[in-house]
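Peer 1:
2 protein chains.
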Amino acid sequence: MTGPRHTAPKFTGLVTALPATVPFVGPEELQRKRGAPFRARLGANENVFGPSPRAVEAMRQEAAEIWKYADASHDDLKEALAADAGVAPDNIVIGEGIDGLLGYAVRLMVEPGVAVVTSDGAYPTFNYHVAGYGGALHKVPYSDDHEDLPALIARAGEVSARIVYLANPDNPMGTCLPGAEIAAALDTLPEGCTLFLDEAYIEFAPEGTAPDIAPDDPRVIRFRTFSKGYGMAGARVGYALGQPEVIRSFDKIRNHFGMNRMAVAGALAAIRDPDWLRSVQGWVRDSKQEITAIAQENGLSVVPSATNFVAVDCGADGVFARRVLAALAEDGVFVRMPFVAPQDRCIRISAGRAEDMAILRDALPKALEKARQG
Amino acid sequence: MTGPRHTAPKFTGLVTALPATVPFVGPEELQRKRGAPFRARLGANENVFGPSPRAVEAMRQEAAEIWKYADASHDDLKEALAADAGVAPDNIVIGEGIDGLLGYAVRLMVEPGVAVVTSDGAYPTFNYHVAGYGGALHKVPYSDDHEDLPALIARAGEVSARIVYLANPDNPMGTCLPGAEIAAALDTLPEGCTLFLDEAYIEFAPEGTAPDIAPDDPRVIRFRTFSKGYGMAGARVGYALGQPEVIRSFDKIRNHFGMNRMAVAGALAAIRDPDWLRSVQGWVRDSKQEITAIAQENGLSVVPSATNFVAVDCGADGVFARRVLAALAEDGVFVRMPFVAPQDRCIRISAGRAEDMAILRDALPKALEKARQG
Numbered sequence: 001m002t003g004p005r006h007t008a009p010k011f012t013g014l015v016t017a018l019p020a021t022v023p024f025v026g027p028e029e030l031q032r033k034r035g036a037p038f039r040a041r042l043g044a045n046e047n048v049f050g051p052s053p054r055a056v057e058a059m060r061q062e063a064a065e066i067w068k069y070a071d072a073s074h075d076d077l078k079e080a081l082a083a084d085a086g087v088a089p090d091n092i093v094i095g096e097g098i099d100g101l102l103g104y105a106v107r108l109m110v111e112p113g114v115a116v117v118t119s120d121g122a123y124p125t126f127n128y129h130v131a132g133y134g135g136a137l138h139k140v141p142y143s144d145d146h147e148d149l150p151a152l153i154a155r156a157g158e159v160s161a162r163i164v165y166l167a168n169p170d171n172p173m174g175t176c177l178p179g180a181e182i183a184a185a186l187d188t189l190p191e192g193c194t195l196f197l198d199e200a201y202i203e204f205a206p207e208g209t210a211p212d213i214a215p216d217d218p219r220v221i222r223f224r225t226f227s228k229g230y231g232m233a234g235a236r237v238g239y240a241l242g243q244p245e246v247i248r249s250f251d252k253i254r255n256h257f258g259m260n261r262m263a264v265a266g267a268l269a270a271i272r273d274p275d276w277l278r279s280v281q282g283w284v285r286d287s288k289q290e291i292t293a294i295a296q297e298n299g300l301s302v303v304p305s306a307t308n309f310v311a312v313d314c315g316a317d318g319v320f321a322r323r324v325l326a327a328l329a330e331d332g333v334f335v336r337m338p339f340v341a342p343q344d345r346c347i348r349i350s351a352g353r354a355e356d357m358a359i360l361r362d363a364l365p366k367a368l369e370k371a372r373q374g
Numbered sequence: 001m002t003g004p005r006h007t008a009p010k011f012t013g014l015v016t017a018l019p020a021t022v023p024f025v026g027p028e029e030l031q032r033k034r035g036a037p038f039r040a041r042l043g044a045n046e047n048v049f050g051p052s053p054r055a056v057e058a059m060r061q062e063a064a065e066i067w068k069y070a071d072a073s074h075d076d077l078k079e080a081l082a083a084d085a086g087v088a089p090d091n092i093v094i095g096e097g098i099d100g101l102l103g104y105a106v107r108l109m110v111e112p113g114v115a116v117v118t119s120d121g122a123y124p125t126f127n128y129h130v131a132g133y134g135g136a137l138h139k140v141p142y143s144d145d146h147e148d149l150p151a152l153i154a155r156a157g158e159v160s161a162r163i164v165y166l167a168n169p170d171n172p173m174g175t176c177l178p179g180a181e182i183a184a185a186l187d188t189l190p191e192g193c194t195l196f197l198d199e200a201y202i203e204f205a206p207e208g209t210a211p212d213i214a215p216d217d218p219r220v221i222r223f224r225t226f227s228k229g230y231g232m233a234g235a236r237v238g239y240a241l242g243q244p245e246v247i248r249s250f251d252k253i254r255n256h257f258g259m260n261r262m263a264v265a266g267a268l269a270a271i272r273d274p275d276w277l278r279s280v281q282g283w284v285r286d287s288k289q290e291i292t293a294i295a296q297e298n299g300l301s302v303v304p305s306a307t308n309f310v311a312v313d314c315g316a317d318g319v320f321a322r323r324v325l326a327a328l329a330e331d332g333v334f335v336r337m338p339f340v341a342p343q344d345r346c347i348r349i350s351a352g353r354a355e356d357m358a359i360l361r362d363a364l365p366k367a368l369e370k371a372r373q374g
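Going down the list, the sequences are from chains A and B.
The first sequence begins at 1 in full-length UniProt numbering and counts up one residue at a time.
The second sequence begins at 1 in full-length UniProt numbering and counts up one residue at a time.
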């Protein structure tokens, strides 16, 4: 076509200033770049043991009903989750994974210039949302591979932060704080500052990791998911727990018809099969012991893990760990690693099946050898 | 617990000012209120004929892979859609239904005070998003039950709007404008104003309804979905078509891992089964003729429809139509109706199966009788 060049859309100032970066590059895209599939997929913090067979069956059944929109209020799932968590249904909002819910929660509180505090090297999708709504991110270093809650709260006071983000257990290090420390720390939160407590990995953590917090406490929003313990990352079902008034505020902005009908049916079946969850917890524990053993066979140590992955300390700096990671990828083993020093001395390996562990046991010494050669 | 009352979170000024209303009350919630299921579900503009059996099978297969996140770049689906639409993959972004994509697109362009133009009585979820980002909505009346594109564009000029929203075919009236009129109207759009062209129902519209617009034209973003023609409303798969630079901007803000893996697999299988779509188009055409016949048997007229639903003119005002709607609901028939006069003289009935039509044929005269008694 000839003619005048048409004018471009007018984006907001905020959008114009945003970088075009994405929080993560997915394994499929990495596979396309390397031109071959991975032999072991141990990098995306997925749970290879998958969901309860009853959840799979429920999703398959529901496929025939896919012509209908899902129930926008998700009453059945909220009731089941409320019973499980010992709260009321109006303490719960369902959303498109924790990623989606973090986006909504950030949107509720962040506008240009609002201060937000997180750990340097913590979950980047939270940072992505804060930047996306114009927030000012303040980062606090890890302390001994743990998120440093007193320092996070102190920083929140200094910068008058509206949100402190804490993942407990933490990703990418896999460490956790005792729930009692978090519950006690709430009283030290600055006024008007809300704790975003990301409990994505809580099903893998030791007893006592989930703090005992009253359901009507307005100072905390907890985020949970069916992606990790329940093995349904591809379904996109998360939920947030909080004070009913805070939870209702999500209804002002959320995509009310955003949930997939099969996913909701699967989540409901999954929460009703606690035996499967216990089996998965056992398999994950065993696999983490094997990752630890493989690391030790290669002279490496690991960071104690309260999640379904293990941060393996490659024994040097981030440059070296990145070389190990690249060599593993070249050999068909997909893992990821922390972004920030000194945590980036580690690579992060998800629990896997026996066949995944066999591949790792074969690949790790070769990758280390290659990395040492530079 | 006793102790001090904890302070509430600090919401943004925008969120604080937002009403707690939701765009729609879903049929499940209406069923809970009435204490019984509907006999016929003809109100949510769903496609009761459902997706291709191949799509159902693809979703069932993919249920076993649900432990993995979906490919965040959706390359396979984008390639298939690009081939289908005669564009390139980088003209396409995939999202959580048109509702989700409208949310992203509004967020790209709307900040407090930005003017936006739509038709008075058009799709409320678009309005919900505009209000949610602080935009100022300007509404133009329908003209003879059609969206009035020249008036929409004239108003956009008057208020310096950044977006004009047009659904073609329209919801809730089911009317459409010829594609050539829309293509020609682009040259009259004010500078810096983008047309949001919602083509949710395009698969049901006559040849020539989709305008011929160059894929690199930055003045339009088109929105399409697998919810209507492809019968997958509960899957939440929509896509937007536009200039590559505009499409890339969605990557700055979208939930990159927001898509359900089964849904993406189902959409891919659906787009590869054009025979099923043709069958559905035939069944919908037949059912719309039957709705028209039922209306005429009751002395009512219908608005000509280019969608999978029919606006039945109840022959009086909105008060009367609301009575008809309530009487139908009481009798187990779920339909909806336009919000605004004079379009609210109609009730909106989706195409259905023979059994749905039998229920409608039984229920409509009784509902009219009841409504006439006041």
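The beta carbon of each residue, even a glycine, is placed where N, CA and C say it ideally should be.
First and last residue of the beta strand (DSSP E) that includes residue 348 (chain A)?
Peer 2: Element bounds for residue 348 (chain A): 346-350.
Peer 1: Which residues in chain B sit within 8 angstroms of residue 56 (chain A), going by Cβ to Cβ distance?
Peer 2: The contacting residues are 63, 64 and 66.
Peer 1: What do you reckon, are the CB atoms on residue 325 (chain B) and residue 340 (chain B) nearer than 8 angstroms?
Peer 2: No, Cβ-Cβ distance for residue 325 (chain B) and residue 340 (chain B) is not below 8 angstroms.
Peer 1: For the stretch 214-228 of chain A and the stretch 197-206 of chain B, state whether three or more C-beta atom pairs, one from each stretch, are separated by less than 8 angstroms.
Peer 2: No, because fewer than three Cβ pairs between the stretch 214-228 of chain A and the stretch 197-206 of chain B fall closer than 8 angstroms, the two stretches do not touch.
Peer 1: Using the three-state DSSP reduction, which class does residue 128 (chain A) fall into: helix, strand or coil?
Peer 2: Three-state DSSP puts residue 128 (chain A) in a helix.
Peer 1: Which value, in whole angstroms, describes the spacing of the CA atoms of residue 136 (chain B) and residue 112 (chain B)?
Peer 2: Spanning the two alpha carbons is a distance of roughly 8 angstroms.
Peer 1: Using a Cβ cut-off of 8 angstroms (strictly closer), state whether residue 69 (chain A) contacts chain B.
Peer 2: Chain B, which has a Cβ nearer than 8 angstroms to the Cβ of residue 69 (chain A), makes this yes.
Peer 1: Less than 8 angstroms separating the beta-carbons of residue 177 (chain A) and residue 138 (chain A)?
Peer 2: No; because the gap between Cβ atoms is not below 8 angstroms, this pair is not in contact.
Peer 1: Taking the alpha carbon of residue 388 (chain B) as the point to measure from, which residue in B:55, B:21, B:22 and B:27 has its own alpha carbon closest?
Peer 2: Coverage of chain B is limited to positions 1 through 374, which leaves residue 388 (chain B) absent and any answer about it impossible.
Peer 1: Going by other Cβ atoms of all chains shown within 10 Å of its Cβ, with 16 needed for buried, is residue 83 (chain A) buried or exposed?
Peer 2: Residue 83 (chain A) should be labelled exposed.
Peer 1: What is the DSSP secondary structure of residue 328 (chain B), reduced to helix, strand or coil?
Peer 2: The answer is helix: DSSP assigns residue 328 (chain B) an H, G or I state.
Peer 1: Any beta carbon of chain A sitting closer than 8 angstroms to that of residue 6 (chain B)?
Peer 2: For residue 6 (chain B), the answer is yes, since a Cβ of chain A falls inside 8 angstroms of its Cβ.
Peer 1: Could you list which residues in chain A have their beta carbon closer than 8 angstroms to that of residue 14 (chain B), in chain order?
Peer 2: Here the neighbours are 111.
Peer 1: Do the CB positions of residue 235 (chain B) and residue 260 (chain A) come within less than 8 angstroms of each other?
Peer 2: Result yes, Cβ atoms of residue 235 (chain B) and residue 260 (chain A) sit closer than 8 angstroms.
Peer 1: By Cβ distance below 8 angstroms, which residues in the same chain neighbour residue 189 (chain A) in space, the five residues on each side in sequence not counted?
Peer 2: Answer for residue 189 (chain A): 153, 156, 164, 195 and 219, listed in chain order.
Peer 1: Can you pull the chain A residues whose beta carbon is under 7 angstroms from the beta carbon of residue 60 (chain B), in chain order?
Peer 2: Going along chain A in sequence order, the residues near residue 60 (chain B) (Cβ under 7 angstroms) are 60 and 63.
Peer 1: Which parts of the stretch 175-244 of chain B are runs of the alpha helix (DSSP H), unbroken and 4 residues or longer, counting only runs that do not cross its ends?
Peer 2: Taking only runs of at least 4 residues, the alpha helix (DSSP H) segments lying wholly in the stretch 175-244 of chain B are 179-185.
Peer 1: How many whole angstroms separate the CB atoms of residue 375 (chain B) and residue 307 (chain B), which I take to be in contact at a CB cut-off of 8 angstroms?
Peer 2: This structure gives no information on residue 375 (chain B), because the portion of chain B shown stretches from 1 to 374.
Peer 1: Taking all protein chains shown into account, do 16 or more other C-beta atoms lie within 10 angstroms of the C-beta of residue 131 (chain A), making it buried, or fewer, making it exposed?
Peer 2: It counts as buried.
Peer 1: When you compare the CB positions of residue 36 (chain B) and residue 333 (chain B), do they come within less than 8 angstroms of one another, or not?
Peer 2: No, the pair does not count as a contact, with Cβ atoms beyond the cut-off.
Peer 1: Please report whether the beta-carbon of residue 359 (chain B) lies at a distance below 8 angstroms from any beta-carbon of chain A.
Peer 2: So, not an interface residue.
Peer 1: Which word fits residue 1 (chain B), buried or exposed, when buried means at least 16 other C-beta atoms lie within 10 angstroms of its C-beta?
Peer 2: With a pLDDT of 42 at residue 1 (chain B), under the threshold of 50, the modelled position of this residue cannot be trusted; read the value that follows with caution. By the 10 Å Cβ count, residue 1 (chain B) comes out exposed.
Peer 1: For residue 179 (chain B) and residue 238 (chain A), what's the separation of their Cα atoms in angstroms?
Peer 2: The alpha-carbon atoms of residue 179 (chain B) and residue 238 (chain A) are separated by roughly 41 angstroms.
Peer 1: Could you check what DSSP says for residue 2 (chain B) in three-state terms: helix, strand or coil?
Peer 2: Only weak support is given to the placement of residue 2 (chain B): the predicted model assigns it a pLDDT of 42, under 50, and the question is left unresolved by the model.
Peer 1: Using a Cβ-Cβ cut-off of less than 7 angstroms, list which residues of the stretch 179-200 of chain A approach chain B; keep chain order.
Peer 2: Answer in chain order: 191, 192 and 194.
Peer 1: Can you find the residues in the same chain that come closer than 6 angstroms, C-beta to C-beta, to residue 52 (chain B), ignoring five residues on each side of it along the sequence?
Peer 2: Around residue 52 (chain B): 270, 273 and 276.
Peer 1: With respect to the alpha helix (DSSP H) encompassing residue 279 (chain B), which residues constitute its N-terminal and C-terminal limits?
Peer 2: It spans 274-297 - the alpha helix (DSSP H) in which residue 279 (chain B) sits, taken as one unbroken run.
Peer 1: With a cut-off of 8 angstroms, does the C-beta of residue 52 (chain B) fall near any C-beta of chain A?
Peer 2: Chain A, which has no Cβ nearer than 8 angstroms to the Cβ of residue 52 (chain B), makes this no.
Peer 1: Taking DSSP's pairing of strands, which residues face residue 139 (chain B) in a bridge?
Peer 2: Residue 139 (chain B) pairs with B:118.
Peer 1: Given a cut-off of 8 angstroms on the beta-carbon distance, is the pair residue 109 (chain B) and residue 11 (chain A) in contact?
Peer 2: In contact: residue 109 (chain B) and residue 11 (chain A) (Cβ atoms closer than 8 angstroms).
Peer 1: Can you list, in chain order, the residues of the stretch 244-268 of chain B whose Cβ is nearer than 8 angstroms to any Cβ on chain A?
Peer 2: Going along the stretch 244-268 of chain B in chain order, one finds 245, 246, 248, 249, 251, 252, 253, 255, 256, 257, 258, 259, 260, 261, 262, 263 and 266 with a Cβ nearer than 8 angstroms to chain A.
Peer 1: Which same chain residues end up closer than 7 angstroms to residue 361 (chain A) when comparing Cβ atoms and leaving out the 5 residues on each side of it in sequence?
Peer 2: Within the same chain, residue 361 (chain A) has close Cβ partners 294.
Peer 1: Going by alpha carbons, who is nearest to residue 264 (chain B) out of B:143, B:356, B:285 and B:230?
Peer 2: Considering only alpha carbons, the answer is B:230.
Peer 1: Can you have a look at residue 125 (chain B) and say buried or exposed, based on whether 16 or more other CB atoms are within 10 angstroms of its CB?
Peer 2: The residue in question, residue 125 (chain B), is buried, as its Cβ has 16 or more Cβ neighbours within 10 Å.
Peer 1: Rounding to the nearest angstrom, what Cα-Cα distance links residue 3 (chain A) and residue 214 (chain B) in this structure?
Peer 2: A caution first: residue 3 (chain A) carries a pLDDT of 46, below 50, which makes its placement in the model too unreliable to give a value.
Peer 1: If you drop the 5 nearest sequence neighbours on each side, which residues of the same chain put their C-beta closer than 7 angstroms to that of residue 249 (chain A)?
Peer 2: Excluding residues within five positions, the ones whose Cβ falls inside 7 angstroms are 108.
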